[in-house]
Every structure is written in structure tokens, then in C-alpha cells.
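Those protein sequences? They're chains G and Z, same order as listed.
So for the first sequence, our numbering puts the first residue at 513; every next one is plus one.
So for the second sequence, our numbering puts the first residue at -1; every next one is plus one.
A short write-up of the structure that comes next.
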Amino acid sequence: MSDHSPQQKNIQKILIANRGEIAVRIIRACRDLGIPSVAVFSDADRTALHVRFADQAVHIGPPAPRESYLRIEKIIEAARKTGADAIHPGYGFLAENADFAQACADEGLTFIGPSPSAITAMGNKQTARETVKKYNVAVVPGTEPGMNDDDIIALAESQIGFPLMVKAEAGGGGKGMRTVHNREELPTALANARREAESAFGNGRVYVEKLLVGARHIEFQILGDMHGNIIHLGERECSIQRRHQKLVEESPSPFLDMELRRRMGEMAINAARSVNYVNAGTIECLMDKDKNFYFLEMNTRLQVEHPVTELVTGIDIVKEQIRIARGRRMSPTESILEPKGWAIECRINAEDPYNNFIPSVGKITTLLTPVGPGVRVDSGVYNGFEITPYYDSMIAKLIAHGESRSEAMLRMRRALGEYVIMGLKHNIPFHLNLLNSFSFIAGQFDTNFVEDRFSMDTYEAPPTDAELEAVAIAATLVAHRNQQLAAQGVQASARDVSNWKWISRYERMQR
Amino acid sequence: MKYITTINDKKFEIEIRNDGSVWVNGESRDVDFLALNNSLYSIIMENRSHEVVVEERDGAYEVLVSGRLYNGTVLDERSQLMRSRRGGLEADSGEISIKAPMPGLIVAIPVSEGQEVKSGQTLLILESMKMQNEIKAPRDGTVHRISVQQGETVEQKRVMVTLI
Chain G
513 MSDHSPQQKN
523 IQKILIANRG
533 EIAVRIIRAC
543 RDLGIPSVAV
553 FSDADRTALH
563 VRFADQAVHI
573 GPPAPRESYL
583 RIEKIIEAAR
593 KTGADAIHPG
603 YGFLAENADF
613 AQACADEGLT
623 FIGPSPSAIT
633 AMGNKQTARE
643 TVKKYNVAVV
653 PGTEPGMNDD
663 DIIALAESQI
673 GFPLMVKAEA
683 GGGGKGMRTV
693 HNREELPTAL
703 ANARREAESA
713 FGNGRVYVEK
723 LLVGARHIEF
733 QILGDMHGNI
743 IHLGERECSI
753 QRRHQKLVEE
763 SPSPFLDMEL
773 RRRMGEMAIN
783 AARSVNYVNA
793 GTIECLMDKD
803 KNFYFLEMNT
813 RLQVEHPVTE
823 LVTGIDIVKE
833 QIRIARGRRM
843 SPTESILEPK
853 GWAIECRINA
863 EDPYNNFIPS
873 VGKITTLLTP
883 VGPGVRVDSG
893 VYNGFEITPY
903 YDSMIAKLIA
913 HGESRSEAML
923 RMRRALGEYV
933 IMGLKHNIPF
943 HLNLLNSFSF
953 IAGQFDTNFV
963 EDRFSMDTYE
973 APPTDAELEA
983 VAIAATLVAH
993 RNQQLAAQGV
1003 QASARDVSNW
1013 KWISRYERMQ
1023 R
Chain Z
-1 MKYITTINDK
9 KFEIEIRNDG
19 SVWVNGESRD
29 VDFLALNNSL
39 YSIIMENRSH
49 EVVVEERDGA
59 YEVLVSGRLY
69 NGTVLDERSQ
79 LMRSRRGGLE
89 ADSGEISIKA
99 PMPGLIVAIP
109 VSEGQEVKSG
119 QTLLILESMK
129 MQNEIKAPRD
139 GTVHRISVQQ
149 GETVEQKRVM
159 VTLI
């Protein structure tokens, strides 16, 4: 009767310490479980979708994250005020902050995630490397902790070789990272990375790792419960990225077969076991051209791209997280080696792919969301919502599912074509072009593909004259209609001036 | 009514007659046009059905068809005449103002006043939405004036650099 074991906890109300699409996603899981939800919001998010969706909402401060979504005491206070007994951190913000997990525990709140000690062990990348090594997990060749610059340089020359990466121990988001091509660049790169890491994380310690050229980024979804079970839910292929930000993810990976999945999955479970991992987590790996794989890091939280795993396993990962946090056994009992079909996710970002992916802000003036077979949209926006510059630029995730990779890709292309977002620039044209690229279709890509070998011009045929003419006719008809409407806009009797004067005023107003 | 409509730099002479018929460069077109809401339209041309989103912004039109965004202008005869009298406004030379595409923080200004720059060269780095964004020169030119400073927070559409 494990359901009555002493670690069982009841969860009556969940506060979501996040915003945007992931807050909405978690509220949906709460609804499915019949658990009331509490949203928190900054001044910039009073009108946000997660506030509209939640049962209760608490204002926590000004727009800047460090004054609202990163303020531990305000979030704990919001939970106390609303009677929430559990907190889901989502991803980003406080999700991988061990102090926050500890503060929840101290307050008697259930933190829906791993233990503070697991977060700490995996949060420091060099500690993580040393921890998993003891469990026979292969890590990318690199330097040991506590080495000084001279030792690092000597080891880089004698054993690691060039090119290599300088990385920050406390790293994240590409900060404190440097690619080094030869011995001469190394001392400066170490100094610069150290300075950047010191200012970004307050920890300037750096280490060196071999740079795997042409590597792929493949990660494993892990679930662990308090009864000692740890399984994996298969892999996600995340090599389509730009400046270390993932853009497209899929599950399974076109590079893995069953045998490789079994071996990598075993390694991922060992890595999670090294910190007695409980709840959902992700083991990120690099795989070289010869299919050798190495542990890169563990993300001790729900991942942005979790939906692709949900679609090919049928498991609702957020519901499992809550179940695990309650002290129950997780519902799947075995690792998933045979995914059902194929799923692809495109991150819809407010970024202009024709202009160096520069972020775009503004009000969404038209929004038509794709639906139909095999399509899922996890969105944090609605028609009329204003995108502000305070938070990251991801506004939604479009996920397509099919029997095979080609069916998933075709459904994705159809859904992207149906997706209409007007009022700001976004990267849907990038995704449409990517889906036309032979390399992507053939599964031939690595983590440098988008930056080194992809261009918006390659797969975009210029519009034909017939297309341009159709567009010109449409624009003209609309302009004509607007003029006619303006002329009729006010009843003649209600006006004190002639129609001609009125139209001219209307036109001046529109300028 | 006659219009000069320019889409992606291609010009069309389009006439909409009082009976609602549409003529492009003097040839008649079979067009069934229906407004579905403020920006969504259904257009059937020669039995081809198009879902079209059209929005007017700052005097220009944005048109979205099948996932592709087009930009253009629609001028009636009167505005066309006025524009031609004013002479070629948008020549490739002359001063260009580089405005902030979004509010943000000026992180770095790797150019200085009087410096010659190439098209695509980075003029400023603007931090916004957790990212450092390189603002690049739209064409070759000389940096005429830098009106912001490193460390300064700027509002959207603020002029940051002018090029001549």
C-alpha cells in the first residue's frame, strides 16, 4: 500500500512562479487534475494570458524580472496570502535556483521539482561533470576543478587539443562561453570569460572543454519518483539552434536507432541517479559524427520542448511532476524505447528573421491559430495582447505530430501556413524556409547548421508576378473600401461640413 | 477610382470602377472580394480562393498571403500627383536615421562620428528581451551624428544614429 506511505502529501492549490506560455501550460495541468491555480504577475503582465486563466492572481512588482518574477520572498508571500501549498517554477526565472527550492521547503510548501541538493550539484557545471563521472558517465574531455590558468593551458595543449570551449562553471544562456581556435587565443579568452561570468553569475570560475566539431545536441527526458524509480522517456533532437538558443526540437532524433537509444538512455539514468534525482529533468548530451556521446549538463526542471516527448509517449509530463511531488509513484513504470510516431516543435519568437533575428515588440493586431489533425499550440498570447521588451521573445510553441517524420513535417508546414500573427515581426518565415531546406528534410544537420549553412534566401523563391498582382489587388481593394467607409462613416445630417472636407480630415487623421 | 499600387517595389495601375469591376494595367479581372473582419479578407480571383490579411500601418500596407508578408503602398491619383511634385523623396542618398526598433539599453557603440561604414556593419548594440542585438547600417555611408550614449536606456523609435 505505497499510496499510504508517510511521504504522501496532499496538494490543494498550486502557485505558478512563472509567466507566458509555460504558466498557461501548467494551469492547464492543474485544471485537468481539479487543483486550483494561482498566477503571479508584474506590472507589465496585468493583461497576460496566464492571469486570465488562473483561478487567483497576485501582483508581485514592477516589470523587471529581478523586481518581480525573481523575488523569492514576494512569491512565497503570494503563496501564503492565497493559501497555495505547492509551487511550480516552470522554466527560467527561479526554476533552477536551489535557494528558492529551499525557501519553499522552509515555508512548508511543496516545490514541484527536484531537491535543493540536486539543483546545486547540477547547477555548477564542473561539479556536475565530476559527480556523473563517478557513475561511469562519459563527459566531454576537459579540465579538472581547481586548476590555475597555467595548468589549464598546459592540459589544453597536451591532451584536450584545439578548437576548444572556455565555459563558466555557473554558466547558462551562452554567457561566459568562448570558442578558442589556438594556443595564442587561450589566455585572453580565459580572462574575458572569467570577467563575463563574474558579472553575470557572481562566480568567475571557468573550465575548458574540447569543442566537438559537427556535434549534435541530443537530450533525454528523465522522470524520477520518491520511491527510487528513475526512467527516461526517450530523446529530443535539439541541434537546430542559433546563438545557443534552440529553435526547433523533435522526438525521436533522426540520428538514433533503438540500440543507441538504449545505451544513451542508460547513461542518462545513471547521470540522474548520481544526484538521486526526483521529478522531471533533462540530460543534455553532445554526439559527435561517429555517434560517440558525452554528458553535457543536466537541466533540473521542466524543459521548453517537453511537448514533443508528451506527443510521442502519451505521457502528460506536468501532471506526472505534480503526482511525483505528492509522493506517489509515477504512472509510467518503464523507460520508453519505442516512441509512437514523430513530433516536431517550432518555437514562435517575436524576432525578425530577415533582419538578424532582432526582437520585435508591439501589439498583436491579428492572430489566427492553426488547428486540425496532429497540431498542438502552447501559446502565451492572444489577439490584442501587447508584447513588451521585459521578457524573452518566445510567444508560443507550435507542435506537430504524425506517424512518421515526414508526416509530422508536412503537418508542421501546413500549420505554419495557417498561423497568422500580425502587428510585430516573428520567425514563422524562418520555420517555413527551414522546412524547405534539403538538409533539414534529410536530417543532415548539427548545432552549427543555422548559423553557418542556412540563409533565408536559399529556400525562398521570389514571388511570381501573378502573386504580386493578387497582393496588389487585395491591398487596393482594402484601401478603396477604407476610403468609401470613411466617406460614409458619419451620416450627412450629423455632419456640419461637406463630405469632401470630412474625407480630407479623415485622411489627415490617418497619416 | 484609379490607384497606383506598389508591392515589393513592383508597380501596378489598378482601377476600381463604380460598378465594382477591377482593372489591372487596363485589363479586366474577375474578382470577388469580401471583408470578414477589420483585417481579414476573402478574395476569389479566377476561381482561386485567397485568405488575405491586410493591415495599414504608418501609411503603408502589410499584406499576408499563405504565410508570406508583403509590404506596399496604395496611392490614388491625387496623392500620386502630390508625391511626384515633391520630387523623388526616397533616394538612396541623403540622411538616414537609425531608430531604436524596440526599447532597450545601449550596450556598446563600436563606431564614432565621421567614420565611414559599410552596409551591414554594426553601429550599435542594443540590449532588449534578454538579448544583445546588433543594429547594422542599412547601406554604405558616413556616421553623421550619434545621439545616444553607452549605458543609456532608449525608447522605441528614438533616433540613435544618423548616416549620410
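All C-beta atoms, glycine included, are put in the ideal place defined by N, C-alpha and C.
Nothing here was measured: the structure is a model prediction, and the numbers come from that model.
How close, in whole Å, do the beta carbons of residue i and residue j come, if the pair is a contact with beta carbons under 8 Å?
i: G:I848; j: G:T881; result: About 29 Å separates the two Cβ atoms, so there is no contact after all.
i: G:V990; j: Z:Y39; result: 7 Å
i: G:Y647; j: G:R813; result: Contact flag wrong, Cβ pair sits at about 21 Å.
i: Z:V105; j: Z:E75; result: That pair is no contact at about 48 Å.
i: G:E721; j: G:K758; result: About 19 Å; that fails the 8 Å criterion.
i: G:P575; j: G:S554; result: 5 Å
i: G:T622; j: G:A837; result: 5 Å
i: G:E747; j: G:I730; result: 5 Å
Are there 16 or more other CB atoms within 10 angstroms of the CB of residue i, so buried, or fewer, so exposed?
i: G:L910; result: buried
i: G:A705; result: buried
i: Z:I42; result: exposed
i: Z:E88; result: Confidence is the limiting factor: at Z:E88 the pLDDT is only 47, short of 50, which leaves the residue's position unreliable and the question unanswerable from this model.
i: G:E669; result: exposed
i: G:G658; result: exposed
i: Z:T140; result: exposed
i: G:V816; result: buried
i: G:N804; result: exposed
i: Z:P136; result: exposed
i: G:P885; result: exposed
i: Z:L32; result: exposed
i: G:M921; result: buried
i: G:A780; result: buried
i: G:F961; result: buried
i: Z:G24; result: exposed
i: G:L946; result: buried
DSSP three-state call for residue i: helix, strand or coil?
i: Z:L103; result: strand
i: G:G670; result: One point to set straight first is that residue 670 of chain G is Ser, not Gly, in the sequence displayed. Note: G:S670 maps to helix in three-state DSSP.
i: Z:Q148; result: coil
i: G:I876; result: coil
i: G:D890; result: strand
i: G:F805; result: strand
i: Z:K116; result: coil
i: G:F767; result: coil
i: G:M689; result: coil
i: G:N811; result: strand
i: Z:L79; result: helix
i: Z:F31; result: strand
i: G:S523; result: The displayed chain sequence assigns Ile, not Ser, to residue 523 of chain G. If DSSP states are grouped into helix, strand and coil, G:I523 belongs with coil.
i: G:Q614; result: helix
i: G:G546; result: coil
i: Z:I2; result: strand
i: G:D864; result: strand
i: G:F623; result: strand
i: G:H744; result: strand
i: Z:V109; result: coil
i: G:A640; result: helix
i: G:L936; result: coil
i: G:K645; result: helix
i: G:L698; result: helix
i: Z:L87; result: Because Z:L87 carries a pLDDT of 48, less than 50, the predicted location of this residue cannot be relied on, and the following value inherits that uncertainty. Z:L87 falls in the coil class under three-state DSSP.
In the DSSP assignment, find the unbroken alpha helix (DSSP H) run with residue i in it and report its ends.
i: G:G635; result: P628 to G635
i: Z:V44; result: The residue asked about is misnamed: residue 44 of chain Z is Glu in this sequence, not Val. From DSSP, Z:E44 is part of no alpha helix (DSSP H); its letter is neither H nor E.
i: G:D977; result: D977 to Q1000
i: G:T821; result: H818 to T825
i: G:L928; result: R917 to E930
Considering residue i, what are the terminal residues of the beta strand (DSSP E) in which it resides?
i: G:S951; result: Premise fails: G:S951 lies in the alpha helix (DSSP H), F950 to I953, not in any beta strand (DSSP E).
i: Z:T226; result: In the structure as shown, chain Z starts at -1 and stops at 162, and residue 226 of chain Z therefore has no counterpart that could be examined.
i: G:F605; result: It is not in any beta strand (DSSP E) - G:F605 carries neither H nor E in the DSSP assignment.
i: G:S549; result: S549 to S554
i: G:G736; result: R728 to G736
i: G:V652; result: Taken as a continuous stretch (DSSP letters only), G:V652 belongs to no beta strand (DSSP E), as it is neither H nor E.
With contact counted as at least three CB pairs below 8 Å, one residue from each stretch, are the segment 558 to 575 of chain G and the segment 894 to 904 of chain G in contact?
yes
Pairs of beta-carbons, one from the segment 710 to 720 of chain G and one from the segment 681 to 689 of chain G, closer than 8 Å: are there three or more?
They touch, by the three-pair rule.
Is it the case that the segment 859 to 878 of chain G contacts the segment 768 to 776 of chain G, given that we only count it when at least three CB pairs across the two stretches are under 8 Å?
no
Do the segment 846 to 860 of chain G and the segment 609 to 625 of chain G make contact, defined as three or more Cβ pairs closer than 8 Å?
no
Is the segment 897 to 908 of chain G in contact with the segment 53 to 64 of chain Z, if contact means three or more CB pairs nearer than 8 Å?
no
Is the segment 92 to 107 of chain Z in contact with the segment 23 to 39 of chain Z, if contact means three or more CB pairs nearer than 8 Å?
no
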